[in-house]
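Participant:
Protein chains: 2
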Amino acid sequence: MNNQQLDQQLCFPLYAASRLVTRLYQPLLEQHNLTYTQYIVLMILWQHDGASVKLIGQKALLSSNTLTPLLKRMEQAQLLKRQRSVNDERSVEINLTEQGWQLKTTLACIPQQLIEQADFDLDKARQLKSLLDQLITHLA
Amino acid sequence: MNNQQLDQQLCFPLYAASRLVTRLYQPLLEQHNLTYTQYIVLMILWQHDGASVKLIGQKALLSSNTLTPLLKRMEQAQLLKRQRSVNDERSVEINLTEQGWQLKTTLACIPQQLIEQADFDLDKARQLKSLLDQLITHLA
DNA sequence: GGCGATTATATCGCGCACGATCAAAAAGTC
DNA sequence: GACTTTTTGATCGTGCGCGATATAATCGCC
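As structure tokens, this is what we get:
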């Protein structure tokens with residue numbers, strides 16, 4: 001077996017599938033002037049409003065060099081507020097605005113829409129997610 | 001079930017796993033001044049030397065706005081040559097240089113190294129690849 | 001063979017990703 | 001309490017991804 005063939009490696013299917021799925025979300029998100037990564041961050045904040053940049057980074061596996069400008073853009077779009085923590089001046093707390101919270105309702109239909117649009121076997125999707133979660137736990 | 005939770009959706013595990021795996025490759029590739037995407041393109045060219053930009057794009061699911069600058073950088077690194085096709089002046093043919101071919105040998109160990117380094121259950125990896133391939137076929 | 005439609009690549013702009021580095025605050029050490 | 005170390009974000013530079021658009025070559029059709 002030739003390991004060096006593109007179609008023999010796990011790396012490419014991961015890379016390709018990730019981008020293909022992102023492309024599915026994109027048309028739905030751009031209606032609200034959101035990027036895919038911003039949507040990820042929003043989901044984190046809906047669960048952890050007031051989170052620090054560090055916490056968001058841990059959840060999204062991103063670091064400040066990506067998050068700082070991204071959060072600034074989202075602040076400009078009035079989705080959130082950034083302010084230094086009172087307890088620890090090193091840390092920056094991110095709080096959703098009214099508008100940021102409103103998107104939780106507005107975008108609530110997206111997961112279901114995606115499932116329908118992708119029309120991918122639900123069992124396979126669950127199995128895939130389970131394997132990916134195991135891989136992530138293994139690597140992160 | 002709350003579909004809107006990050007950990008309930010397929011999108012994030014895909015995104016995260018893809019980036020984590022890329023990070024595994026990165027230290028091995030940077031020794032040869034290669035990026036992950038350049039490595040993907042190299043694998044395609046090892047199988048299809050003389051391919052057009054279009055063909056590479058079909059295999060890698062990338063288009064010219066990504067490939068043109070990437071291929072120019074690889075040409076500057078003397079890994080390949082770009083030249084207009086004689087038959088069809090619209091098309092650009094990519095041919096590996098001696099150096100580009102040499103990397104096929106030099107990098108032959110990477111897949112095996114990755115498997116060992118990741119230390120991920122091989123059966124699960126195969127299963128994962130199979131599901132990803134199905135998803136890609138479904139979406140591409 | 002002329003001419004509109006299609007195709008292949010290139011260019012531009014923007015937003016990630018991420019390595020490297022820096023600055024400031026906090027925590028640990030003596 | 002001064003000093004070192006660690007933690008937290010911010011900044012900078014480079015390379016993707018990709019939507020939008022441009023340009024040139026080819027094709028299709030009459």
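So the protein lines, in turn, are chains A and B. Just so we're aligned: 131 in this note's numbering is position 131 of the first sequence, and the numbers increase by one with no gaps anywhere. Just so we're aligned: 52 in this note's numbering is position 52 of the second sequence, and the numbers increase by one with no gaps anywhere. Glycine is no exception: its CB is placed at the ideal position from the N, C-alpha and C atoms.
1. Spell out whether any CB of chain A is found under 9 Å from the CB atom of His32/B.
2. Using beta carbons (cut-off 9 Å, strictly below), is Ala140/B in contact with chain A?
3. Note down, in chain order, every chain A residue with its Cβ under 7 Å from the Cβ of Gln134/B.
4. Comparing alpha-carbon positions, which option in Gln78/A, Gln83/A, Val41/A lies nearest Thr66/A?
5. Just to confirm my understanding: we take Gln9/A, look at its own chain, exclude 5 residues before and 5 after, and list those with CB closer than 6 Å. What are they?
6. When burial is assigned at 16 or more other CB atoms within 10 Å of the CB, is Leu131/A buried or exposed?
7. Whole angstroms is fine: what's the gap from Arg116/A's alpha carbon to Gln102/B's?
8. Among Ser91/B, Thr22/B, Leu34/B, which one has its Cα closest to the Cα of Thr106/B?
9. Pick from His138/B, Val21/B, Ile44/B, Gln112/B: whose alpha carbon is nearest that of Leu80/B?
10. Do we get a CB-CB distance below 9 Å when we pair Ala51/B with the residues of chain A?
11. Look at Ala118/B and Leu139/A and say whether their C-beta atoms are less than 9 Å apart.
12. Please say whether Tyr36/B and Gln26/B have beta carbons closer to each other than 9 Å?
13. What is the residue span of the beta strand (DSSP E) that Leu96/B lies within?
14. Quick check: Leu135/A and Leu61/B, are their CB atoms within less than 9 Å of each other?
15. When the cut-off is 9 Å and only beta carbons count, does Leu79/A lie next to chain B?
16. Name the DSSP bridge partner or partners of Leu80/A?
17. Contact defined as beta carbons within less than 8 Å: I believe Val53/A pairs with Leu71/A. What is the distance between those atoms, to the nearest angstrom?
18. Leaving aside the five residues before and after Gln78/B along the sequence, list all residues of the same chain whose C-beta is less than 6 Å from its C-beta, in chain order.
19. Mind checking Gln31/A: buried by the 16 CB within 10 Å criterion, or exposed?
20. Taking only runs that begin and end inside the region 8-89 of chain A, name each unbroken alpha helix (DSSP H) of 4 or more residues, in chain order.
21. With a threshold of 7 Å on Cβ separation, who are the neighbours of Glu93/A within its own chain once the five nearest residues in sequence on each side are excluded?
22. To the nearest angstrom, how far is the alpha carbon of Asp121/A from that of Arg126/B?
23. Quick check: is the beta carbon of Thr35/A nearer than 9 Å to any beta carbon in chain B?
Facilitator: Here's the rundown:
1. No, no contact with chain A.
2. Taking 9 Å as the threshold, the shortest C-beta distance from Ala140/B to chain A falls below it.
3. Under a criterion of Cβ atoms nearer than 7 Å, the residues of chain A adjacent to Gln134/B are, in order, Lys124.
4. Looking at Gln78/A, Gln83/A, Val41/A, the one whose alpha-carbon comes closest to that of Thr66/A is Val41/A.
5. Nothing listed; no residue qualifies.
6. Leu131/A should be labelled buried.
7. In the sequence on display, residue 116/A carries Glu and not Arg. If you take the alpha carbons of Glu116/A and Gln102/B, they lie about 46 Å apart.
8. Thr106/B has its Cα closest to that of Leu34/B, out of Ser91/B, Thr22/B, Leu34/B.
9. Distance from the Cα of Leu80/B is smallest, within the candidate group His138/B, Val21/B, Ile44/B, Gln112/B, for Ile44/B.
10. No, Ala51/B lies away from the interface with chain A (no Cβ there is under 9 Å from its Cβ).
11. Cβ atoms of Ala118/B and Leu139/A: closer than 9 Å.
12. The answer is yes: Cβ separation under 9 Å.
13. Taken as a continuous stretch (DSSP letters only), the beta strand (DSSP E) holding Leu96/B covers 92-96.
14. Contact flag unset, no.
15. Answer no: the Cβ-Cβ gap between Leu79/A and chain B never drops below 9 Å.
16. Listed as beta-bridge partners of Leu80/A by DSSP are Leu96/A.
17. Right, the Cβ-Cβ distance comes to about 7 Å (below 8 Å), so this counts as a contact.
18. Scanning its chain for C-beta atoms nearer than 6 Å, with the 5 sequence neighbours on each side dropped, one finds around Gln78/B the residues Thr97, Gln99, in chain order.
19. The residue is exposed, with fewer than 16 neighbouring Cβ atoms inside 10 Å.
20. Secondary structure in the region 8-89 of chain A: the alpha helix (DSSP H) runs of 4 residues or longer, each lying completely within the stretch, are 11-30, 36-47, 53-60, 64-76 in chain order.
21. Counting only Cβ-Cβ distances below 7 Å, and skipping sequence neighbours, we find Gly50, Ser52, Gln83, Ser85.
22. Using only the alpha carbons, I get a separation of about 19 Å.
23. Residue contact check for Thr35/A against chain B: no CB pair falls below 9 Å.
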